[in-house]
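This note's numbering puts the first residue of the sequence shown at 4, with every later residue one more than the last.
From the three backbone atoms N, C-alpha and C, an ideal C-beta is built for every residue, glycine too.
Model, not experiment: these values are computed from the prediction.
Data first, discussion second: the structure below is written as structure tokens.
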Amino acid sequence: MMKPTGAGTPAAPKRGRAPLVLLIAAMLLIGPLLVTIGSVLIAGNNDLLATGTRVSGTVIDVDDGPESSDRRFGAEYFSSGSSRHVIWADWVSQAKPEVRDSVTVVYRQDDPGSAVIAGYGTPGESVRGLGVVFTVVVGGAAVTMLVASRRGRRKRS
């Protein structure tokens, strides 16, 4: 609601700080949340690598996109029950697999569909990396917004 000033013109409405503070808080929580989720995924994969059943797999498809997020490959493997499974993993530029390459697949004995490819990236690494970047970038932006907000309030006072 606009209040009239002494000159007869209405004053600008005051904006509350609560929406800005809530936005900054939400933005600051997303990065650490992604870091936590990524770390849990990585810990699960490390546990699987340490305790899982190892079999040989064969690369059946390689996606070689222009961006690193497009670099994935699929490998097929057969569990102890002779059932065929396919798993996808990320690869970095210096470790590009070729179709028909042999890879080591580690799967959970009680759940053969839950597997990782030894020596290649997992989704947890991407999620954790995104969380770190998001925390730094958004955290810096949030601090900048907060400082700018405080400076603006001081000038109005």
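Pick out whichever of the options has its Cα sitting closest to the Cα of residue i.
i      : options                       : result
Leu133 : Pro22, Ile33 and Leu25        : Ile33
Leu52  : Ile120, Val140 and Gly116     : Ile120
Val62  : Lys99, Ser105 and Ala21       : Ser105
Tyr80  : Asp67, Val146 and Arg103      : Arg103
Trp91  : Ala151, Thr107 and Leu25      : Thr107
Val65  : Ser83, Val89, Gly84 and Asn49 : Val89
Ser85  : Gln112, Val43 and Arg154      : Gln112
Would you mind stating whether residue i and residue j have Cβ atoms separated by less than 7 Å?
i      : j      : result
Ala78  : Gly60  : yes
Gly124 : Asp93  : yes
Arg131 : Gly47  : no
Phe76  : Pro100 : yes
Gly127 : Ile45  : yes
Which residues does DSSP list as the beta-bridge partners of residue i?
i      : result
Glu128 : Paired residue(s): none; Glu128 is not in a bridge.
Val65  : Phe76
Ala118 : Tyr110
Pro87  : Rather than Pro, the amino acid found at residue 87 in this sequence is Arg. Beta-bridge pairing links Arg87 to Phe81.
Gly60  : Val106
Ala92  : Phe76
Could you give the C-beta distance for residue i and residue j, rounded to a whole number, given that I count them as a contact under 8 Å?
i      : j      : result
Arg57  : Val109 : 5 Å
Met148 : Leu23  : 7 Å
Leu31  : Ala145 : 6 Å
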